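Here the structure comes first, spelled out in structure tokens, and everything after it is commentary.
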Amino acid sequence: MKTRKKHEKLMLNSQRGFAYIVLVIISILCLFSFYILIINTTRSHPDIQKGFSLLPGKSFMNNLKNLLANKQLPVLTGLVNSFFVSTCSALLATYFSAMTAFAIHIYDFKFKKYAFAFILMVMMIPSQVTALGFIKLVRDMNLMNSFIPLTIPSIAAPIVFFFMKQYMSSVLPIDMVEAARIDGAHEFRIFNQIVLPIMKPAMAVQIIFTFVASWNNYFIPALLLNKSNKKTLPILIAQLRSADFLKFDMGQVYMLIALAVLPVVIVYLFLSKSIVRGITLGSVKG
Amino acid sequence: MKRKTKYVNYTKWGYIFLIPFFITYIVFSLIPLISTIYNSFFENYMSGLTQIGPKFIGFDNYSSIFFKSELPVYLKNTFVIWMMGFIPQIIFSLLLAAWFTDLKLKLKCTGFFKTVFYMPNIIMASAFSMLFFTMFSDAGPVNNLLNSMGLPTYRFLAEVAGTRGLIAFMNYLMWFGNTTIILMAAIMGIDTSLFEAAQIDGANSWQTYKKITMPLIKPILAYVLITSLIGGIQMFDVPQILTNGNGNPNRTSMTAIMYLNKHLYSKNYGMAGALSVILFIVTCILSFFVFRYITKDRFAEKVMKRKRGDSCEN
Numbered sequence: 446m447k448t449r450k451k452h453e454k455l456m457l458n459s460q461r462g463f464a465y466i467v468l469v470i471i472s473i474l475c476l477f478s479f480y481i482l483i484i485n486t487t488r489s490h491p492d493i494q495k496g497f498s499l500l501p502g503k504s505f506m507n508n509l510k511n512l513l514a515n516k517q518l519p520v521l522t523g524l525v526n527s528f529f530v531s532t533c534s535a536l537l538a539t540y541f542s543a544m545t546a547f548a549i550h551i552y553d554f555k556f557k558k559y560a561f562a563f564i565l566m567v568m569m570i571p572s573q574v575t576a577l578g579f580i581k582l583v584r585d586m587n588l589m590n591s592f593i594p595l596t597i598p599s600i601a602a603p604i605v606f607f608f609m610k611q612y613m614s615s616v617l618p619i620d621m622v623e624a625a626r627i628d629g630a631h632e633f634r635i636f637n638q639i640v641l642p643i644m645k646p647a648m649a650v651q652i653i654f655t656f657v658a659s660w661n662n663y664f665i666p667a668l669l670l671n672k673s674n675k676k677t678l679p680i681l682i683a684q685l686r687s688a689d690f691l692k693f694d695m696g697q698v699y700m701l702i703a704l705a706v707l708p709v710v711i712v713y714l715f716l717s718k719s720i721v722r723g724i725t726l727g728s729v730k731g
Numbered sequence: 069m070k071r072k073t074k075y076v077n078y079t080k081w082g083y084i085f086l087i088p089f090f091i092t093y094i095v096f097s098l099i100p101l102i103s104t105i106y107n108s109f110f111e112n113y114m115s116g117l118t119q120i121g122p123k124f125i126g127f128d129n130y131s132s133i134f135f136k137s138e139l140p141v142y143l144k145n146t147f148v149i150w151m152m153g154f155i156p157q158i159i160f161s162l163l164l165a166a167w168f169t170d171l172k173l174k175l176k177c178t179g180f181f182k183t184v185f186y187m188p189n190i191i192m193a194s195a196f197s198m199l200f201f202t203m204f205s206d207a208g209p210v211n212n213l214l215n216s217m218g219l220p221t222y223r224f225l226a227e228v229a230g231t232r233g234l235i236a237f238m239n240y241l242m243w244f245g246n247t248t249i250i251l252m253a254a255i256m257g258i259d260t261s262l263f264e265a266a267q268i269d270g271a272n273s274w275q276t277y278k279k280i281t282m283p284l285i286k287p288i289l290a291y292v293l294i295t296s297l298i299g300g301i302q303m304f305d306v307p308q309i310l311t312n313g314n315g316n317p318n319r320t321s322m323t324a325i326m327y328l329n330k331h332l333y334s335k336n337y338g339m340a341g342a343l344s345v346i347l348f349i350v351t352c353i354l355s356f357f358v359f360r361y362i363t364k365d366r367f368a369e370k371v372m373k374r375k376r377g378d379s380c381e382n
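Protein chains in written order, with the numbering used here: chain A, 446 to 731; chain B, 69 to 382.
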């Protein structure tokens with residue numbers, strides 16, 4: 446009996462050790478490329494060409510200065526554009542998705558079932574398959590090189606809606622809305638002043654998700670924006686990729702990638718707990 | 069005294085709150101969809117500087133994209149690369165989810181590991197791909213490292229396996245964390261008394277996993293598979309940036325959406341339309357399963373209620 450218990454404990458310990466080894470290896474796989482990225486932003490072009498290094502150099506500020514002074518790549522405008530587009534679409538998507546979820550969750554009307562089923566059905570349709578019609582529409586509306594077609598459509602974000610609906614079902618009892626009505630609150634006021642504060646945790650997670658999605662978006666913006674003062678960061682990266690690569694200062698290349706990646710990573714590291722929790726809420730039932 | 073009762077009809081508010089969503093959806097998604105389908109029936113492209121068409125040609129675009137273009141090859145590429153990423157993704161996610169939820173194992177620092185594993189998912193795919201391009205280029209850090217360790221260098225982006233492997237590896241890194249978290253939620257949703265019963269019966273962790281966990285998370289595995297497949301069809305940013313849009317070597321890493329992008333750029337709207345419609349139909353079929361999965365519980369409830377009602381009548 447005693448030996449069996451001992452044996453079991455040994456097994457468990459070796460299993461645990463094995464698990465930790467695998468976890469550490471996978472973590473290294475995840476972090477290795479970011480480590481190289483950060484190291485190489487601090488090294489000068491000749492240093493990078495000379496070979497691989499795990500230690501940082503001293504050219505961080507120099508690389509940053511050179512990149513921002515680069516006339517071919519409007520990096521600063523790109524950052525501002527990306528930030529503007531992502532913020533607008535994140536706010537629009539979150540606010541209006543909460544509103545749509547509110548309509549479906551609280552009110553009872555004839556077409557409610559169909560409206561809900563419709564949104565769920567179109568949820569998985571990717572924007573790429575309607576891109577042709579979208580570009581034609583944008584051209585007809587004279588909105589090429591404008592941020593309107595990159596922000597306003599986020600009002601209809603089925604996936605964000607679905608997340609909001611899931612969350613609302615678990616935190617918003619109809620009695621609360623009814624109580625507010627008895628107190629004489631207008632329906633719009635109920636939504637803005639009672640429902641939205643309750644939805645805060647879900648809103649925060651979704652603002653981050655939609656911001657990141659828009660910040661990283663490449664396919665549609667690349668088809669709509671071709672003026673250099675309107676380009677967003679992913680387009681600049683593609684431009685850098687198609688430029689004559691060998692002539693480029695590698696320190697600047699790594700710096701541009703870092704500028705595109707790091708803002709999101711920093712926000713993520715601060716809020717990772719609620720983000721990780723948010724993924725499960727949105728994707729799987731119950 | 070007359071009492072004035074005021075009945076407020078709240079129904080209209082349901083509609084009012086739905087207006088922004090539906091107007092936006094109709095203008096920016098539904099009309100483009102219809103226009104895409106409409107355009108797929110027209111000959112409409114640029115030949116040099118001259119515009120050909122638009123002229124109605126029925127299903128000719130479809131037949132030429134199926135039989136005369138390389139779309140079947142690109143669809144195969146997409147599928148192969150997706151599989152190469154998905155297989156390790158699902159294996160590692162199942163393993164990690166099982167470890168993270170194992171009560172006997174009691175792993176520490178799971179929060180840290182989850183944060184690290186999910187991080188690649190929020191990275192800009194195009195920047196990530198550019199980073200891999202620089203790292204794995206012929207004179208990049210990885211080859212430098214191989215060189216300094218005395219190992220032979222490898223021209224990753226000149227080899228089919230190297231290029232496809234890199235794309236699949238990036239897809240794997242970007243998605244395995246997400247899948248792990250979803251599967252963890254599924255496993256934690258299982259009634260703990262089942263595990264306790266198994267423990268009392270003397271089952272070891274592998275037996276418990278095989279006989280209890282696996283069967284109960286099967287529906288979620290199907291959900292993960294299908295959503296990943298839908299995502300796989302949309303594969304674009306990573307191979308586009310890595311290969312500069314040409315899908316080299318020899319177009320073995322050209323995906324369906326990269327092909328669509330090419331047609332959209334060159335203003336070949338007829339072919340782009342036909343290709344979009346084909347991809348749309350494929351996604352619809354796959355989405356149908358996701359839709360069924362999401363709404364299943366509700367349907368099941370209704371069926372149960374109906375059955376109960378029947379038995380009462382009898």
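The beta carbon of each residue, even a glycine, is placed where N, CA and C say it ideally should be. All values reported here derive from a predicted model rather than from experimental measurement.
Terminal residues of the alpha helix (DSSP H) in which residue i lies
i: residue 559(A); result: 557-567
i: residue 623(A); result: 619-627
i: residue 264(B); result: 260-268
i: residue 278(B); result: Counting along the chain, residue 278(B) falls outside any alpha helix (DSSP H), and DSSP gives it neither H nor E.
i: residue 686(A); result: 678-687
i: residue 128(B); result: 128-135
i: residue 95(B); result: Where residue 95(B) is concerned, there is no enclosing alpha helix (DSSP H), given that its DSSP letter is neither H nor E.
i: residue 232(B); result: 228-256
i: residue 106(B); result: 99-107
i: residue 757(A); result: For chain A, the structure presents residues 446 to 731; residue 757(A) sits outside this window and is missing.
i: residue 598(A); result: Counting along the chain, residue 598(A) falls outside any alpha helix (DSSP H), and DSSP gives it neither H nor E.
i: residue 544(A); result: 520-551
i: residue 585(A); result: 576-585
i: residue 573(A); result: Looking at the DSSP string, residue 573(A) is not in any alpha helix (DSSP H), and its letter there is neither H nor E.
Cutoff 8 Å; reference residue i; Cβ partners in own chain excluding five residues on either side
i: residue 120(B); result: 111, 112, 113 and 114
i: residue 377(B); result: Confidence in residue 377(B) is poor, its pLDDT being 45 and thus under 50, which makes the residue's placement unreliable; the coordinate value appears in the next sentence. So the list is empty, once near-sequence residues are dropped.
i: residue 449(A); result: none
i: residue 220(B); result: 214
i: residue 529(A); result: 592
i: residue 382(B); result: Note on residue 382(B): pLDDT 33, under 50, position unreliable in the model; the coordinate value appears next. Excluding residues within five positions, none has a Cβ falling inside 8 Å.
Residue i - containing beta strand (DSSP E), residue span
i: residue 121(B); result: 118-124
i: residue 115(B); result: 110-115
Residues near residue i in its chain [Cβ-Cβ closer than 6 Å; skip 5 each side]
i: residue 306(B); result: 193, 197, 235 and 238
i: residue 336(B); result: 113
i: residue 143(B); result: 324
i: residue 211(B); result: 221
i: residue 361(B); result: 291
Cβ-Cβ separation, residue j to residue i (assumed contact under 8 Å), whole Å
i: residue 358(B); j: residue 295(B); result: 6 Å
i: residue 705(A); j: residue 678(A); result: 5 Å
i: residue 576(A); j: residue 98(B); result: 14 Å between Cβ atoms; not a contact.
i: residue 93(B); j: residue 688(A); result: 38 Å between Cβ atoms; not a contact.
i: residue 301(B); j: residue 104(B); result: So it is not a contact: roughly 16 Å between Cβ atoms.
i: residue 498(A); j: residue 488(A); result: 7 Å
i: residue 510(A); j: residue 550(A); result: The pair is not a contact, with the Cβ atoms about 52 Å apart (cut-off 8 Å).
i: residue 129(B); j: residue 108(B); result: 6 Å
i: residue 523(A); j: residue 707(A); result: Contact doesn't hold; Cβ gap of about 14 Å is too wide.
Cutoff 7 Å; reference residue i; Cβ partners in own chain excluding five residues on either side
i: residue 169(B); result: 252, 255 and 256
i: residue 326(B); result: 304, 307, 308, 313 and 315
i: residue 175(B); result: 167 and 168
(message) So if I threshold CB-CB distances at 8 Å, which residues from the stretch 113-147 of chain B count as touching chain A?
(response) none
(message) Three or more C-beta pairs under 8 Å: does that hold for the stretch 660-675 of chain A against the stretch 178-185 of chain B?
(response) no
(request) Name, going along the chain, the residues of the stretch 186-202 of chain B whose beta-carbon falls closer than 8 Å to a beta-carbon of chain A. (result) 186, 187, 188, 190, 191, 192, 193, 194, 195, 196, 198, 199, 200, 201 and 202
(request) Could you please tell me which residues of the stretch 650-661 of chain A, in chain order, have their CB closer than 7 Å to any CB of chain B? (result) 657, 660 and 661
(message) Residues of the stretch 75-92 of chain B in Cβ contact with chain A at a cutoff of 7 Å, in chain order, please.
(response) 78, 79, 81, 82, 83, 85, 86, 88, 89 and 92
(message) So, does the stretch 223-233 of chain B touch the stretch 262-273 of chain B, judging by three or more C-beta pairs under 8 Å?
(response) no
(request) Mind checking the stretch 331-351 of chain B against chain A and listing, in chain order, the residues whose C-beta falls within less than 8 Å of any C-beta there? (result) 332, 333, 337, 340, 341, 344, 345, 347, 348 and 351
(message) For the stretch 581-591 of chain A against the stretch 610-618 of chain A, do three or more pairs of beta-carbon atoms, one drawn from each stretch, fall closer than 8 Å, so that the two count as touching?
(response) no
(message) If contact is defined by three or more beta carbon pairs under 8 Å, each pair taking one atom from either stretch, is the stretch 265-283 of chain B in contact with the stretch 301-320 of chain B?
(response) no
(request) Scan the stretch 528-549 of chain A for residues whose Cβ lies nearer than 7 Å to a Cβ of chain B and list them as they occur along the chain. (result) 541, 544, 545, 547 and 548
(request) For the stretch 621-638 of chain A and the stretch 696-705 of chain A, state whether three or more C-beta atom pairs, one from each stretch, are separated by less than 8 Å. (result) no
(request) Taking a Cβ distance cut-off of 8 Å, strictly less, list which residues of the stretch 298-314 of chain B are near chain A, in chain order. (result) 298, 301, 302, 304, 305, 308, 309, 312 and 313
(message) Please identify, using Cβ separations under 7 Å, the residues of the stretch 568-589 of chain A that lie next to chain B, in order along the chain.
(response) 569, 570, 571, 573, 574, 575, 576, 577, 578, 579, 580, 581 and 582
(message) Assess contact between the stretch 711-725 of chain A and the stretch 503-519 of chain A, defined as three or more Cβ pairs (one per stretch) separated by less than 8 Å. Is contact present?
(response) no
(request) With 8 Å as the C-beta to C-beta threshold (strictly closer), list the residues of the stretch 275-300 of chain B near chain A in chain order. (result) 288, 291, 295 and 298
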